[in-house]
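Participant: Residue numbers (the numbering used here): 60 to 238.
All C-beta atoms in this analysis are idealised placements derived from N, C-alpha and C, irrespective of residue type, glycine included.
This structure is a prediction, so every number in the text was calculated from the model and none was measured.
Here's what the structure looks like:
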């Protein structure tokens, strides 16, 4: 048999050779062909990971080796066929707002952060709420002499003015007493 494949004693044809688990599967023509990256292979065929997933753990020959794409999280759901038989189904769903997902793990943004997408995949996609701005890796409340129109900057109020809550735009800068 070619490529380190094996066959039963007395086999005479190349199609008698067994496919190598995890690396290949037998196609409809009876030939061993490489396993695609979005599934895993056993001798009896190919098994596909859910949509938005890929098989990254080649030593794990089942669905546990499937990992959702960044921005998605894996859930186990249940399905019923036409005969009423139940089965488990794995699906990759969008991560959702105010969280980021990577390697089948969902992490919530901090309480004063949000995301603009349901497919966030990095903590850098957690943005500060209006009235806060980023200082290094944390959101900080906008200072009294400033307003925070976006998630990254604190803008100084004009001279003689200070800001009132929620300190989101320049209209929140009001005159100090005596000005």
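Tell me the rounded alpha-carbon separation between residue 70 and residue 82.
Facilitator: Here the question's residue 70 lines up with position 11 in the chain shown. Here the question's residue 82 lines up with position 23 in the chain shown. Residue 70 and residue 82: Cα-Cα distance of roughly 22 Å.
Participant: What residues are listed by DSSP as bridge partners for residue 166?
Facilitator: Working through the chain shown from its first residue, we reach residue 166 at position 107. BP columns for residue 166 point to 159.
Participant: Around the C-beta of residue 107, are 16 or more other C-beta atoms found within 10 angstroms, so that it is buried, or is it exposed?
Facilitator: Working through the chain shown from its first residue, we reach residue 107 at position 48. Classification for residue 107: exposed.
Participant: With distances taken between CB atoms, is the gap from residue 60 to residue 76 smaller than 7 Å?
Facilitator: For the purposes of this step, residue 60 is taken as the residue at position 1 of the chain shown. For the purposes of this step, residue 76 is taken as the residue at position 17 of the chain shown. A contact, by the Cβ cut-off of 7 Å.
Participant: Measure the alpha-carbon distance for residue 116 versus residue 195 and round it to whole angstroms.
Facilitator: The residue given as residue 116 occupies position 57 in the chain shown. The residue given as residue 195 occupies position 136 in the chain shown. Taking the straight line from one Cα to the other gives about 35 Å.
Participant: Measure the Cβ-Cβ separation of residue 159 and residue 184 and say whether it is below 7 Å.
Facilitator: Start at 1 with the first residue of the chain shown, and residue 159 comes out as number 100. Start at 1 with the first residue of the chain shown, and residue 184 comes out as number 125. Yes; because the gap between Cβ atoms is below 7 Å, this pair is in contact.
Participant: If I'm right that residue 216 touches residue 192 with Cβ under 8 Å, what's the distance once you round it to whole angstroms?
Facilitator: For the purposes of this step, residue 216 is identified with residue 157 of the chain shown, where counting begins at 1. For the purposes of this step, residue 192 is identified with residue 133 of the chain shown, where counting begins at 1. Between residue 192 and residue 216 the Cβ distance is about 14 Å, and since that is not below 8 Å, they are no contact.
Participant: Does DSSP put residue 75 in a helix, a strand or coil?
Facilitator: Numbered from 1 along the chain shown, position 16 holds the residue referred to as residue 75. Residue state, collapsed to three classes: helix.
Participant: Can you name the residues that DSSP bridges to residue 135?
Facilitator: Residue 135 sits at position 76 when you count from the first residue of the chain shown. Answer by DSSP bridge pairing, in chain order: 149.
Participant: Can you grab the Cα-Cα spacing for the pair residue 137 / residue 95, in whole Å?
Facilitator: Walking along the chain shown from the start, residue 137 turns up at place 78. Walking along the chain shown from the start, residue 95 turns up at place 36. C-alpha separation (whole angstroms): 26 Å.
Participant: By the DSSP assignment, the beta strand (DSSP E) with residue 98 in it spans what residues?
Facilitator: In the chain shown, the residue the question calls residue 98 occupies position 39. Note, residue 98: beta strand (DSSP E), 98 to 101.
Participant: Are the beta-carbon atoms belonging to residue 127 and residue 163 less than 7 Å from one another?
Facilitator: Your numbering for residue 127 matches position 68 in the chain shown. Your numbering for residue 163 matches position 104 in the chain shown. Yes, the pair counts as a contact, with Cβ atoms nearer than the cut-off.
Participant: Among the residues of its own chain, which have a CB less than 7 Å from the CB of residue 66, if the five just before and after it don't count?
Facilitator: Counting from 1 along the chain shown, the entry for residue 66 is found at position 7. Cβ neighbours of residue 66 beyond the five flanking positions: 60, 75, 76 and 77.
Participant: Give me the Cα-Cα distance between residue 211 and residue 203, rounded to the nearest whole angstrom.
Facilitator: Counting from one through the chain shown, the residue named residue 211 turns up at place 152. Counting from one through the chain shown, the residue named residue 203 turns up at place 144. In a straight line, the C-alpha of residue 211 is about 16 Å away from that of residue 203.
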